[in-house]
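Novice: Numbering (the working numbering), first residue to last: 7 to 371.
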């Protein structure tokens, strides 16, 4: 279900939503769209559209209705009561995908924390037989309700997970400080999900990180040391892919992982050059980079999948002569020598003396 607020939903948004649903393992039976000036406070959608979806649920036998929006807990409950099936919003869908894909112990902790924080807002009085405190002779006592029990257990588990992740943050910070002392440059691959980061990572480092043509194929950050002629050793990190409207609970939970991007010496912003909405994807990534404190980290844009476009492999420079973007194909290897040369230019082994830069443009200083 996708509602366009103030206008019809975009084709790219619908395609991405279907890809998310399939990535979670859902069979897409129907895609329902609509337009509203503003969300309905009770159902998010109008009563007429809700009746339409209810009819489709009965017709297809669907047991799950997905919304490409963030629903409030009350809207989710009202829709489930009306549609007589489970309802999941965009945040819940992305959390489910992350839960399936997390492989490392750290990644599983991060996803579980985000899920529990999301679940904490959804706890309702669903156990009416335990809502009232016990009373009467021999039955007086604290009488904790099921709702209160669940909230207490959730709070305890969240506290435990935060403590464990704090240790992970400390360990990562120690590792980063050691790299800084060794003066080894760190380069982080960032970009929209399914832009080809892991394929590029494997090409540059001769690794075998998992690659698949699906959203969020990999979640766990992988670091590899690579040697670049003219630059020496560089640590390259492959981070989780970004997406528009990424749940804030996930951003908070993955703070240790995303810190690799914020603390990097350079970001390689991988862009799917063949995507029709690549400009919107670039904006979404830049917005998330700003949110995690990586807005001011130097960046080179890597236009990947140029073999699927009319763009030839090569380098683009800004008015100051600095490399601003590199066109590559991670699948075929085209443009990778130029990308390595760009890294060597950014991290030269022998810095150019200041006297040789006297006539350089002011913006290059």
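Glycine included, every Cβ here is placed at the ideal spot set by N, Cα and C.
I need the boundaries of the beta strand (DSSP E) containing residue 233, first residue and last residue.
Specialist: To locate residue 233, count along the chain shown from 1; it is residue 227. Counting along the chain, the beta strand (DSSP E) containing residue 233 begins and ends at 228-234.
Novice: For residue 308, count the other beta carbons within 10 Å of its own beta carbon; 16 or more makes it buried, fewer makes it exposed. Which is it?
Specialist: One-based indexing of the chain shown puts residue 308 at position 302. Buried is the call here.
Novice: Rounded to a whole number of angstroms, what is the C-alpha to C-alpha distance between residue 69 and residue 242?
Specialist: Numbered from its first residue, the chain shown carries residue 69 at position 63. Numbered from its first residue, the chain shown carries residue 242 at position 236. Rounded to whole angstroms, residue 69 to residue 242 spans 43 Å at the Cα level.
Novice: Under 8 Å, with one C-beta from each stretch per pair, do the stretch 84-103 and the stretch 249-260 reach the 3-pair mark?
Specialist: The answer is yes - the stretch 249-260 touches the stretch 84-103, with three or more Cβ pairs under 8 Å.
Novice: Should residue 269 and residue 333 be called a contact, given that it needs their Cβ atoms to be closer than 8 Å?
Specialist: As a working note, residue 269 is residue 263 in the chain shown. As a working note, residue 333 is residue 327 in the chain shown. No. Outside cutoff.
Novice: Let me know if residue 127 comes out buried or exposed under the rule of 16 or more other beta-carbons within 10 Å of its beta-carbon.
Specialist: Counted from its first residue, the chain shown places residue 127 at position 121. The residue in question, residue 127, is exposed, as its Cβ has fewer than 16 Cβ neighbours within 10 Å.
Novice: In angstroms with no decimal places, state the Cα-to-Cα distance between residue 122 and residue 160.
Specialist: For this step, residue 122 is matched to residue 116 along the chain shown. For this step, residue 160 is matched to residue 154 along the chain shown. Approximately 7 Å between the Cα atoms of the pair.
Novice: With residue 81 as the anchor, note down where its alpha helix (DSSP H) starts and where it stops.
Specialist: Stepping through the chain shown from its first residue, residue 81 is reached at position 75. Unbroken alpha helix (DSSP H) run through residue 81: 79-89.
Novice: Within this structure, are the beta carbons of residue 237 and residue 349 separated by less than 8 Å?
Specialist: For the purposes of this step, residue 237 is taken as the residue at position 231 of the chain shown. For the purposes of this step, residue 349 is taken as the residue at position 343 of the chain shown. Yes, the pair counts as a contact, with Cβ atoms nearer than the cut-off.
Novice: Just to confirm the assignment, what range does the beta strand (DSSP E) spanning residue 244 have?
Specialist: Numbered from its first residue, the chain shown carries residue 244 at position 238. Segment 238-244, the beta strand (DSSP E) holding residue 244.
Novice: Kindly say whether residue 268, judged by its beta-carbon, lies nearer than 8 Å to any beta-carbon of chain C.
Specialist: Considering every chain present, this structure includes no chain C. It has just one protein chain.
Novice: Sort out for me which residues DSSP pairs residue 37 with in a bridge.
Specialist: The sequence position of residue 37 within the chain shown is 31, counting from 1. Beta-bridge pairing links residue 37 to no other residue.
Novice: Just to confirm my understanding: we take residue 304, look at its own chain, exclude 5 residues before and 5 after, and list those with CB closer than 8 Å. What are they?
Specialist: Translated into the one-based positions of the chain shown, residue 304 becomes position 298. Hits under 8 Å: 271, 272, 273, 352.
Novice: Where does residue 222 land, buried or exposed, given buried means 16+ other C-beta within 10 angstroms?
Specialist: The count along the chain shown starts at 1 and reaches residue 222 at position 216. Buried: at least 16 other Cβ atoms inside 10 Å.
Novice: Can you grab the Cα-Cα spacing for the pair residue 245 / residue 27, in whole Å?
Specialist: Here residue 245 is taken as the residue at index 239 of the chain shown, counted from 1. Here residue 27 is taken as the residue at index 21 of the chain shown, counted from 1. Answer to the nearest angstrom: the Cα atoms are 22 Å apart.
Novice: Nearest CA to the CA of residue 340: which residue from 317, 201, 73, 165?
Specialist: Taking the chain shown and counting its residues from 1, the one referred to as residue 340 is at position 334. Selected option, being the one with the closest Cα: 317.
Novice: For residue 291 and residue 260, which I take to be in contact (beta-carbon distance under 8 Å), what is that distance rounded to the nearest angstrom?
Specialist: Against the chain shown, residue 291 aligns to sequence position 285. Against the chain shown, residue 260 aligns to sequence position 254. With 8 Å as the limit, residue 291 and residue 260 do not qualify as a contact, their Cβ atoms being about 15 Å apart.
Novice: Report the partner residues of residue 166 according to the DSSP bridge assignment.
Specialist: Walking along the chain shown from the start, residue 166 turns up at place 160. For residue 166, which the question treats as bridged, DSSP gives no partner whatsoever.
Novice: Do residue 74 and residue 19 count as a contact pair if the criterion is CB distance below 8 Å?
Specialist: Locating residue 19 in the chain shown gives position 13, counting from the first residue. Locating residue 74 in the chain shown gives position 68, counting from the first residue. Yes, they are a contact pair.
Novice: Compute the beta-carbon to beta-carbon distance between residue 282 and residue 310, rounded to the nearest angstrom, for a pair I have assumed lies under 8 Å.
Specialist: Here residue 282 is taken as the residue at index 276 of the chain shown, counted from 1. Here residue 310 is taken as the residue at index 304 of the chain shown, counted from 1. So it is not a contact: roughly 15 Å between Cβ atoms.
Novice: Pull up the distance between the alpha-carbon of residue 229 and that of residue 45, whole angstroms please.
Specialist: Translated into the one-based positions of the chain shown, residue 229 becomes position 223. Translated into the one-based positions of the chain shown, residue 45 becomes position 39. For residue 229 and residue 45, the distance between alpha carbons rounds to 43 Å.
Novice: Less than 6 Å between C-beta atoms, sequence neighbours within five positions excluded: which residues of the same chain meet that for residue 117?
Specialist: On the chain shown, residue 117 is found 111 positions in, with the first residue counted as 1. If we look at residue 117 and ignore the five residues flanking it on each side, its Cβ neighbours are 104, 105, 108.
Novice: DSSP on residue 57, reduced to helix/strand/coil?
Specialist: Residue 57 sits at position 51 when you count from the first residue of the chain shown. Three-state DSSP puts residue 57 in a helix.
Novice: Can you grab the Cα-Cα spacing for the pair residue 196 / residue 337, in whole Å?
Specialist: Along the chain shown, read from residue 1 onward, the residue named residue 196 stands at position 190. Along the chain shown, read from residue 1 onward, the residue named residue 337 stands at position 331. Looking at the two C-alpha atoms, the distance is approximately 17 Å.
Novice: Roughly how far, in whole angstroms, is the beta-carbon of residue 346 from the beta-carbon of residue 265, given that I think they are within contact range, below 8 Å?
Specialist: Taking the first residue of the chain shown as 1, we reach residue 346 at position 340. Taking the first residue of the chain shown as 1, we reach residue 265 at position 259. Incorrect: roughly 26 Å between the Cβ atoms, too far for contact.
Novice: Put residue 72 into one of helix, strand or coil per three-state DSSP.
Specialist: Locating residue 72 in the chain shown gives position 66, where the first residue counts as 1. DSSP places residue 72 in strand when its eight states are reduced to three.
Novice: Using DSSP bridges, identify the partner residues of residue 192.
Specialist: Counted from its first residue, the chain shown places residue 192 at position 186. 241.
Novice: What three-state label does DSSP hand residue 257 in the structure shown?
Specialist: Position 251 of the chain shown, counted from the start, is the residue given in the question as residue 257. Residue 257 falls in the helix class under three-state DSSP.
Novice: Roughly how many angstroms lie between the CA atoms of residue 327 and residue 342, to the nearest whole one?
Specialist: Residue numbering aside, residue 327 sits at position 321 when the chain shown is read from its first letter. Residue numbering aside, residue 342 sits at position 336 when the chain shown is read from its first letter. Cα to Cα, residue 327 sits roughly 20 Å from residue 342.
Novice: From the DSSP output, in three-state form, read off residue 204 for me.
Specialist: For the purposes of this step, residue 204 is taken as the residue at position 198 of the chain shown. Correct three-state label for residue 204: helix.
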